[in-house]
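What follows is one structure encoded as structure tokens, with my remarks underneath.
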Amino acid sequence: IEKKQNEIQKLELVGNLAASSAHEIRNPLTGIKGLIQLLSEKYKSEEDQLYFSIIQTEITRINEIVSQFLFLGKPTALKKQNINLQQIIHELKPLIVSEGNLNNVECRFTIPEKNIPIVCTADQMKQVILNTTKNAFEAMTGGGILTFTIFEHAGKVTISIKDSGVGIPPSQLKKLFQPFYTSKDTGTGLGLIVCKRIIQSFHGEIYITSKENIGTKVEIVLPIAAS
Ligand code: ADP
Ligand code: MG
Numbered sequence: 272i273e274k275k276q277n278e279i280q281k282l283e284l285v286g287n288l289a290a291s292s293a294h295e296i297r298n299p300l301t302g303i304k305g306l307i308q309l310l311s312e313k314y315k316s317e318e319d320q321l322y323f324s325i326i327q328t329e330i331t332r333i334n335e336i337v338s339q340f341l342f343l344g345k346p347t348a349l350k351k352q353n354i355n356l357q358q359i360i361h362e363l364k365p366l367i368v369s370e371g372n373l374n375n376v377e378c379r380f381t382i383p384e385k386n387i388p389i390v391c392t393a394d395q396m397k398q399v400i401l402n403t404t405k406n407a408f409e410a411m412t413g414g415g416i417l418t419f420t421i422f423e424h425a426g427k428v429t430i431s432i433k434d435s436g437v438g439i440p441p442s443q444l445k446k447l448f449q450p451f452y453t454s455k456d457t458g459t460g461l462g463l464i465v466c467k468r469i470i471q472s473f474h475g476e477i478y479i480t481s482k483e484n485i486g487t488k489v490e491i492v493l494p495i496a497a498s
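To convert, note that position 152 of the sequence shown is 423 in the UniProt record's numbering; the numbers rise steadily by one, no gaps.
Shown next as structure tokens:
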């Protein structure tokens, strides 16, 4: 327990440091991005264009890492509110569906009619759902089915995000929440650790089960608040 406590503290420290430098990193990056854009209009050879597109991709990646750092920062310190989960899903659904259309993925939603209040920070809750659905889409490169389900049980609510993608080998399952663990060429390896940190700050838990070549299921369990 002490070792785990230590690790959490270390992560918190690194997170806070990273979050405070994040804005400092973003501003010069925006400048670089603009200048690269200008150069790429000037140097049109195939080779140069290839270099420019690689630079653009890498800048996008740095931006993504930095954004995740912002969420890794201090989730416990942010002001939480009593919010309807429905409202959050309602706002995200069009985003998820259009991402599905782009990826040839059919999105199936099963969401209860009645309001489910949870204590959270809406932006962070959205980030968790976006990080996990992004992973799901990235696991279904040839298309597939995303099943998004919300159900209540014994004072808790579960948000279940299931994909029909490549799945995760058993040997990798325990590495998923390690910072910077990624199996992707252009991954950041920060999405899931950010999800875990945020969900734990809402007094919830996140579970991942997976079968290779069948798919992966992410379950986020949160306490239901008094309305
Ligand atoms: P990233 O997506 O940048 O690689 P994450 O922290 O979001 O980082 O995920 C870590 C790793 O967990 C991924 O690289 C992938 O190997 C695995 N993973 C997460 N979600 C899924 C999923 N739905 N299907 C298959 N693998 C997944
Ligand atoms: Mg990810």
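Don't be surprised by glycine CBs; every beta carbon is placed ideally from N, CA and C.
Please read all numbers here as calculations on a predicted model, not as lab measurements.
Which residues count as close to the ligand MG when the rule is a CB under 5 Å from any of its heavy atoms, in chain order? Asn-406, Gly-462
Let me know if Gln-358 comes out buried or exposed under the rule of 16 or more other beta-carbons within 10 Å of its beta-carbon. exposed
Going by the C-beta, is Leu-447 closer than 7 Å to any heavy atom of the ligand ADP? Because some heavy atom of the ligand ADP lies under 7 Å away, the Cβ of Leu-447 counts as near it: yes.
With respect to 7 Å, is the separation between the Cβ of Ala-289 and the closest non-hydrogen atom of the ligand ADP below this value? no
Own chain residues within Cβ distance below 7 Å of Thr-403, not counting five before or after: Ile-432, Cys-466, Val-489
What is the residue span of the alpha helix (DSSP H) that Ser-369 lies within? Element bounds for Ser-369: 356 to 373.
Check the DSSP bridge columns for Glu-490 and list the partner residues they point to. Ser-431, Tyr-478
Tell me whether Gly-286, by its Cβ, gets closer than 7 Å to a heavy atom of the ligand ADP. no
Note the first and the last residue of the continuous alpha helix (DSSP H) segment covering Val-465. Counted as a single uninterrupted DSSP element, the alpha helix (DSSP H) harbouring Val-465 occupies residues 462 to 472.
Check whether Ile-491 and Thr-429 have beta carbons under 8 Å apart: yes
Could you tell me which of Ile-400, Ile-387, Gly-415 sits nearest to Leu-374, measuring between CA atoms? The identity of residue 374 in the sequence shown is Asn, whereas the question assumes Leu. Closest by alpha carbon: Gly-415.
What residue range does the alpha helix (DSSP H) around Ile-303 cover? Taken as a continuous stretch (DSSP letters only), the alpha helix (DSSP H) holding Ile-303 covers 273 to 313.
Cβ of Asn-374 versus every heavy atom of the ligand ADP: is any distance shorter than 7 Å? Outside the cutoff, so no.
Within 10 angstroms of the Cβ of Leu-366, are there 16 or more other Cβ atoms? Answer buried if so, exposed if not. exposed
Taking 7 Å as the cut-off, is the beta-carbon of Lys-455 closer than that to any non-hydrogen atom of the ligand ADP? yes
Following the continuous beta strand (DSSP E) through Thr-418, name the residue where it begins and the one where it ends. Boundaries of the beta strand (DSSP E) around Thr-418: 415 to 424.
For the beta strand (DSSP E) that contains Glu-409, what are its first and last residues? Note, Glu-409: premise wrong, no beta strand (DSSP E); alpha helix (DSSP H) at 393 to 410.
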